[in-house]
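*Asks:*
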Amino acid sequence: MNFETVKVQREGAVLFAEISAPPMNLLGPDLYRDLNSLIHAAEADRAIRVLVFRSTDPDYFISHVDVTRIKELREVVQISGGKSSPALLFHQLSQSRLITIAEIAGRVRGVGSEFVLALDMRFAARGKGIFGQFESAFDVIPGGGAAQHLTRLMGRARALEVMLSVEDYDADLAERYGWINRALPANELGTFVKALAHRIAALPAAGQRTIKDRVNDIALPPADELRRDAELFIEGLRSPDAQHRLAAALAKGFQTREAEMDLPRMLSDLA
Amino acid sequence: MNFETVKVQREGAVLFAEISAPPMNLLGPDLYRDLNSLIHAAEADRAIRVLVFRSTDPDYFISHVDVTRIKELREVVQISGGKSSPALLFHQLSQSRLITIAEIAGRVRGVGSEFVLALDMRFAARGKGIFGQFESAFDVIPGGGAAQHLTRLMGRARALEVMLSVEDYDADLAERYGWINRALPANELGTFVKALAHRIAALPAAGQRTIKDRVNDIALPPADELRRDAELFIEGLRSPDAQHRLAAALAKGFQTREAEMDLPRMLSDLA
Amino acid sequence: MNFETVKVQREGAVLFAEISAPPMNLLGPDLYRDLNSLIHAAEADRAIRVLVFRSTDPDYFISHVDVTRIKELREVVQISGGKSSPALLFHQLSQSRLITIAEIAGRVRGVGSEFVLALDMRFAARGKGIFGQFESAFDVIPGGGAAQHLTRLMGRARALEVMLSVEDYDADLAERYGWINRALPANELGTFVKALAHRIAALPAAGQRTIKDRVNDIALPPADELRRDAELFIEGLRSPDAQHRLAAALAKGFQTREAEMDLPRMLSDLA
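Chains as they are written, first to last, in the working numbering: chain A, 15 to 285; chain B, 15 to 285; chain C, 15 to 285.
Quick look at the structure:
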């Protein structure tokens, strides 16, 4: 397993996948293609039991979708497995026999947040992990499942706040809201996740599979609802207002490392 | 927009509605009539996008329903829009195109808590906000949606505790239980809510509308369930035991500012 | 009411039931028989309104099912009320007219955790209460409702973490995850629970009953789902792998006080 934008490291039954798509881990056709390949390869290799995602970039885990390449992304999405959206690849991952864990430092915004929301567990570095679901700044609903997951995890009021405020949420607040399992000290996060991953990988698989299936029966958003949100996102993005706002954002530095360090401020005046 | 019991102040697309129904912001026919009018007027004015509720009384946000005027209240409720209960006015607000925020200091008990639970977001002043759902002291279920909202927000055990304990919950505990979005320092609350309201009002409306609809599809209690709780409340209140308890409470100072500062103690011995 | 493994103490309308099944409060046929008898007796005695469970053992509240006596346990379960599993006795308790409270110090693992999850409220001593759902170490899903309750209380990611990690969770983390209502200082827990129990017992019963029914309508796992998890547990336990792991655990001291003080470490290498 060797990928352009994902560095893979294996330790026994645990696969560590480090997202490395400079300059800022945008989810475009390249990273999508590699994530898709990696996920299918890991799924097919019965010696792999646990899949951990992290980032080589200390400031960005996955920044968001590459808005300049959405058309190409959609082509890759369709070629790579007949799915109609990234949300459905993520949904497949939620149902995988693999146990998946996100180890988060840096920014996880937009589709990045939706990717980790589809994983089985999420741990973030206190003072380093930053979460945002900013799609409403472009007049659209999140397209990759955020409304489905956040509402189920944190309830109506907090989910509305998160998606309507277009603000950043630090790891501690993300924990209090239930966005992540736990915020941990930055210097302990790697050790914690590694130990947990190996612990789970050393336990037998059949009971885990049953547990995951039964939990999914209760808590996993239905595929039809994910599909509907993806359609609403695509429809919304076609509107002149959304297109105007995207252009205004790009003119202000959207999709550059520096400008997105404080994305909420940059998005506050696009009209 | 000018109301006897609600002071309205407008800043751009944000409407601040200050509840001001002396002596203690009881929800009776007057406050209900004004809230109903305000909500419909704001809904109809397309220049208004965000509606913030707060109180001019530092000790009481909305104390609870005025138990001495329930018959009049029900008449006003029916005249003002064909609804069968305050719960359904609140439900309408949950579905409104307006984004609604509660800025809470003082006591929010009974139907007051149910009012803010129907809003989109709730922020409270640490050390000042006080929450209570005390209806079981009068042998009835809350009639305005508390059982529906609290159970969905905080789970079975905490919802039962809150409704059966007849205790006050401070803002910090209310945050830990998910009753509110967040407790904030009292001297920062107003600035925080104002900034959030203006931020949301400055963002485009269509995406927000879609997000709110999709979140409601998942998390909003069904109108039939709200109606059923309202019926159970009204039925329960007719029982001799409930009437006896109401009379005993009124004799002990229920519905007076001083006696309700520590309402849980006063309600602990009505039998 | 007098039982071999449960000491009963009555104060007015509150019944305190102290689990006392040396050497470590395993749930075997004896404790099950006594809990079942106690619950039915309390249910039948209309003078009893609130039932509080605690333990005489400072280290163990209920350790877990006695794996050496599962066959006998199943016989007792069937004799004592036509139920097919402990999960359904617990489910009956969730629907009881009695208000039930767990006062937790010591270890609450496996079916012990599932027992308290079926009660109406759970409070634990900070630094003393320890929670674990370790069934996946034996390649099985929890059989007494944990997957149903934990997923509804804490969401998908935390429920998966808890059931797949086979780790202990202290009272503070259990509160943050929503496993319990609240963690309280160890020296205040008894006073707090006693006051709450008497407060609830002094309030009228009809409204409480309505509230509990309405909350159950929303949040209680369906009996069929509990039954299904119980079947999956029993099926899973019959597998050679599960039997081998049980034997390996027993050889390492499973079901002894000392070895279970740090059960997660002991279970980490059974293969």
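No residue lacks a Cβ here, since even glycine has one placed at the ideal position from N, Cα and C. Every value quoted in this text rests on a predicted model; they were computed, and no experiment measured them.
Taking C-beta pairs closer than 7 angstroms, name the residues in chain A that residue 161(C) reaches, listed in chain order.
*Replies:* Residues of chain A passing the Cβ test: 225, 228 and 229.
*Asks:* Does the beta-carbon distance from residue 196(B) to residue 233(B) come in below 9 angstroms?
*Replies:* Their beta carbons are not under 9 angstroms apart, which means residue 196(B) does not touch residue 233(B) by this criterion.
*Asks:* Given a cut-off of 9 angstroms, decide if residue 207(A) and residue 191(A) are closer than it, judged by their beta-carbon atoms.
*Replies:* Taking 9 angstroms as the Cβ cut-off, residue 191(A) and residue 207(A) do not qualify as a contacting pair.
*Asks:* With a cut-off of 8 angstroms on the beta carbons, I'd call residue 132(B) and residue 164(B) a contact; round off their distance for me.
*Replies:* Residue 132(B) to residue 164(B), Cβ: 12 angstroms. No contact.
*Asks:* Tell me, please, whether the CB atom of residue 16(B) is closer than 9 angstroms to any CB atom in chain A?
*Replies:* Closer than 9 angstroms: no.
*Asks:* Under 7 angstroms between beta-carbons, which chain C residues line up against residue 94(B)? List them in chain order, please.
*Replies:* None at all; the shortest Cβ gap to chain C is about 27 angstroms.
*Asks:* If contact means a Cβ-Cβ distance below 7 angstroms, which residues of the stretch 128-147 of chain C contact chain D?
*Replies:* Of the protein chains in the structure, A, B and C, none is chain D.
*Asks:* So what's residue 125(A) in DSSP terms, helix, strand or just coil?
*Replies:* Residue 125(A) falls in the helix class under three-state DSSP.
*Asks:* Tell me whether the beta-carbon of residue 186(A) lies closer than 9 angstroms to the beta-carbon of residue 144(A).
*Replies:* It is not a contact, given that the beta carbons lie outside the stated cut-off.
*Asks:* Which of the three DSSP states is assigned to residue 19(C) in this structure?
*Replies:* It is coil, neither helix nor strand.
*Asks:* Any idea if residue 275(C) is buried or exposed, counting beta-carbon neighbours within 10 angstroms, 16 or more meaning buried?
*Replies:* Residue 275(C) comes out exposed.
*Asks:* In this structure, how does DSSP classify residue 70(B) when only helix, strand and coil are distinguished?
*Replies:* Note: residue 70(B) maps to coil in three-state DSSP.
*Asks:* So residue 158(A) contacts chain C; which residues on that side make the cut at Cβ distance below 9 angstroms?
*Replies:* Correct list: empty, because the minimum Cβ distance to chain C is about 16 angstroms.
*Asks:* So what's residue 29(A) in DSSP terms, helix, strand or just coil?
*Replies:* Note: residue 29(A) maps to strand in three-state DSSP.
*Asks:* Just checking: is the beta-carbon of residue 179(C) within a distance shorter than 9 angstroms of some beta-carbon in chain A?
*Replies:* True, the Cβ-Cβ gap to chain A drops below 9 angstroms.
*Asks:* Taking only beta carbons into account, state which residues of the stretch 115-128 of chain C come closer than 9 angstroms to chain A, listed in chain order.
*Replies:* Those residues of the stretch 115-128 of chain C that come within reach of chain A (Cβ to Cβ, closer than 9 angstroms) do not exist; the list is empty.
*Asks:* Give the interface partners of residue 166(C) over in chain A, defined as CB-CB distance under 9 angstroms, in chain order.
*Replies:* Those are 232 and 233, listed as they occur along chain A.
*Asks:* Is there contact here, the stretch 45-64 of chain A with the stretch 24-33 of chain A, by at least three beta-carbon pairs under 8 angstroms?
*Replies:* Taking 8 angstroms as the limit for Cβ pairs, the verdict is that the stretch 24-33 of chain A does touch the stretch 45-64 of chain A.
*Asks:* Go through its chain and collect everything with a Cβ distance to residue 101(A)'s Cβ below 6 angstroms, but skip five positions before and after it.
*Replies:* Same-chain partners within the cutoff: 158, 159, 240 and 244.
*Asks:* Please return the same chain residues whose Cβ sits closer than 8 angstroms to the Cβ of residue 150(A), not counting the five positions on each side in sequence.
*Replies:* Hits under 8 angstroms: 177, 178 and 180.
*Asks:* Note down, one range per segment and in chain order, each beta strand (DSSP E) of at least 3 residues found wholly within the stretch 126-209 of chain B.
*Replies:* Listed in chain order, the complete beta strand (DSSP E) runs (minimum 3 residues) inside the stretch 126-209 of chain B are 135-139, 144-146 and 196-198.
*Asks:* Would you kindly report the start and end of the unbroken beta strand (DSSP E) that includes residue 35(B)?
*Replies:* No beta strand (DSSP E) contains residue 35(B), which DSSP labels as neither H nor E.
*Asks:* Is the shortest distance between the beta-carbon of residue 81(C) and the beta-carbons of chain A less than 9 angstroms?
*Replies:* Not one chain A Cβ lies under 9 angstroms of residue 81(C).
*Asks:* Using a Cβ-Cβ cut-off of 7 angstroms (strictly less than) and excluding sequence neighbours within five positions of residue 198(B), which residues of its own chain qualify?
*Replies:* Result list for residue 198(B): 137, 139, 140 and 206, in chain order.
*Asks:* Just to confirm the assignment, what range does the alpha helix (DSSP H) spanning residue 237(B) have?
*Replies:* It spans 237-251 - the alpha helix (DSSP H) in which residue 237(B) sits, taken as one unbroken run.
*Asks:* So, with DSSP's three-state summary, where would you put residue 216(B)?
*Replies:* If DSSP states are grouped into helix, strand and coil, residue 216(B) belongs with the helices.
*Asks:* On the DSSP bridge assignment, give the partners of residue 65(B) in chain order.
*Replies:* Residue 65(B) pairs with 29(B) and 114(B).
*Asks:* Report the residues of the stretch 208-219 of chain C with a CB closer than 9 angstroms to any CB of chain B, ordered along the chain.
*Replies:* Taking 9 angstroms as the Cβ-Cβ cut-off against chain B, the residues of the stretch 208-219 of chain C that qualify are 210, 213, 214, 216, 217, 218 and 219.
*Asks:* Among 235(A), 267(A) and 58(A), which residue has its Cα nearest to the Cα of residue 82(A)?
*Replies:* Nearest C-alpha to residue 82(A): 267(A).
*Asks:* Which same chain residues end up closer than 7 angstroms to residue 77(C) when comparing Cβ atoms and leaving out the 5 residues on each side of it in sequence?
*Replies:* These residues qualify, in order along the chain: 38, 39, 40, 121, 123, 126 and 274.
*Asks:* Quick one: Cα of residue 209(B) to Cα of residue 86(B), how far?
*Replies:* Their Cα atoms are separated by approximately 38 angstroms.
*Asks:* Can you give me the C-alpha to C-alpha distance between residue 211(A) and residue 251(B), rounded to a whole angstrom?
*Replies:* Cα to Cα, residue 211(A) sits roughly 55 angstroms from residue 251(B).
*Asks:* For residue 228(C) versus residue 68(B), is the C-beta spacing smaller than 9 angstroms?
*Replies:* No, Cβ-Cβ distance for residue 228(C) and residue 68(B) is not below 9 angstroms.
*Asks:* Between which two residues does the alpha helix (DSSP H) holding residue 92(B) run?
*Replies:* 84-93 is the extent of the alpha helix (DSSP H) around residue 92(B).
*Asks:* Does the beta carbon of residue 196(C) sit closer than 9 angstroms to a beta carbon anywhere in chain B?
*Replies:* Closer than 9 angstroms to some Cβ of chain B, the Cβ of residue 196(C) qualifies, so yes.
*Asks:* Are the C-beta of residue 175(C) and some C-beta of chain A separated by less than 9 angstroms?
*Replies:* Answer yes: the Cβ-Cβ gap between residue 175(C) and chain A drops below 9 angstroms somewhere.
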